[in-house]
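Chains as they are written, first to last, in the working numbering: chain A, 1 to 150; chain B, 1001 to 1150.
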């Protein structure tokens, strides 16, 4: 009987531990993939606006406005993917994101704010000159990458 | 009139061909990754709404509304990732997407419309019962997956 209890307990414990470990790992992996998907989609849309700003693609107001609207929407999504523990895994995020959380979060919110303003400007703009200044303001992402991305 | 149709047809054909020709392997890979990122982000947000609808997570109006807004924004983004030639590569997209393009596009637009309506309903809803019917309407993605996803 004692032996049976011991065996069962050992089974339960090891099952519990493996469950806890695997659930966390899955959640962390999913969160990393989510934020990476968000960044990838931002890059796709941002890159096309950058090409217009640099004269590598013709400026088209409706196209630019759509890209800006997409980036504004996406800029609000990625933050929740930076869950605790997700500094480890298949990620370029530096661990200091979590030790400097307030600063990192403020930088993400600043990017959101700039992206929303860009979408607003782009909605009614008809020339590249009108969107250029706010596009440059929205490129704050670079500073954050430099500090927090491997 | 016949001539006009012929000229237009020639234009459409050459446009189609040049589009197809200009999409190189890198562009195709990037487009596949873009649409997959979009689908992944939709799944993240949609899954959390589904958990609330199924009672696996407590319903929180603000949380549900944010998820619905995210899905509405994301639902408009993925379509452009289905470029010509991107039926080959690391993708679960069936080739018949491109042979049934009008039907596929209509289904994507239907999903967008339902997702936008869900975001509208969720914005002012305070109970789960208010959002449930439109959440179910938004789950049209399933039918499209069945037909066009490997």
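Note that CB positions come from ideal geometry on N, CA and C, so glycine has one too.
Within the continuous alpha helix (DSSP H) that includes residue i, where are the two ends?
i                      : result
residue 1063 (chain B) : 1061 to 1075
residue 133 (chain A)  : 128 to 138
residue 47 (chain A)   : 2 to 53
Does DSSP classify residue i as helix, strand or coil?
i                      : result
residue 1093 (chain B) : strand
residue 1107 (chain B) : helix
residue 1113 (chain B) : helix
residue 1078 (chain B) : helix
residue 1125 (chain B) : coil
residue 1143 (chain B) : helix
residue 1087 (chain B) : coil
Can you name the residues that DSSP bridges to residue i?
i                      : result
residue 1149 (chain B) : B:1093
Could you tell me if residue i is buried or exposed, where buried requires 16 or more neighbouring beta carbons within 10 angstroms of its beta carbon?
i                      : result
residue 1044 (chain B) : buried
residue 1125 (chain B) : buried
residue 69 (chain A)   : buried
residue 1107 (chain B) : buried
residue 89 (chain A)   : exposed
residue 1074 (chain B) : buried
residue 136 (chain A)  : exposed
residue 85 (chain A)   : exposed
residue 1127 (chain B) : exposed
Counting Cβ pairs closer than 8 angstroms, one from the region 130 to 146 of chain A and one from the region 1047 to 1063 of chain B, do we hit at least three? no
Taking 8 angstroms as the cut-off, does the region 102 to 119 of chain A touch the region 68 to 84 of chain A (at least 3 CB pairs, one atom from each stretch)? Taking 8 angstroms as the limit for Cβ pairs, the verdict is that the region 102 to 119 of chain A does touch the region 68 to 84 of chain A.
Between the region 1035 to 1050 of chain B and the region 1062 to 1073 of chain B, can you find at least three pairs of beta-carbon atoms closer than 8 angstroms? yes
Using 8 angstroms as the Cβ pair cut-off and three pairs as the minimum, do the region 88 to 103 of chain A and the region 130 to 143 of chain A touch? no
Given 8 angstroms as the limit, is there contact between the region 1127 to 1135 of chain B and the region 1079 to 1098 of chain B, that is, 3 or more CB pairs closer than that? no
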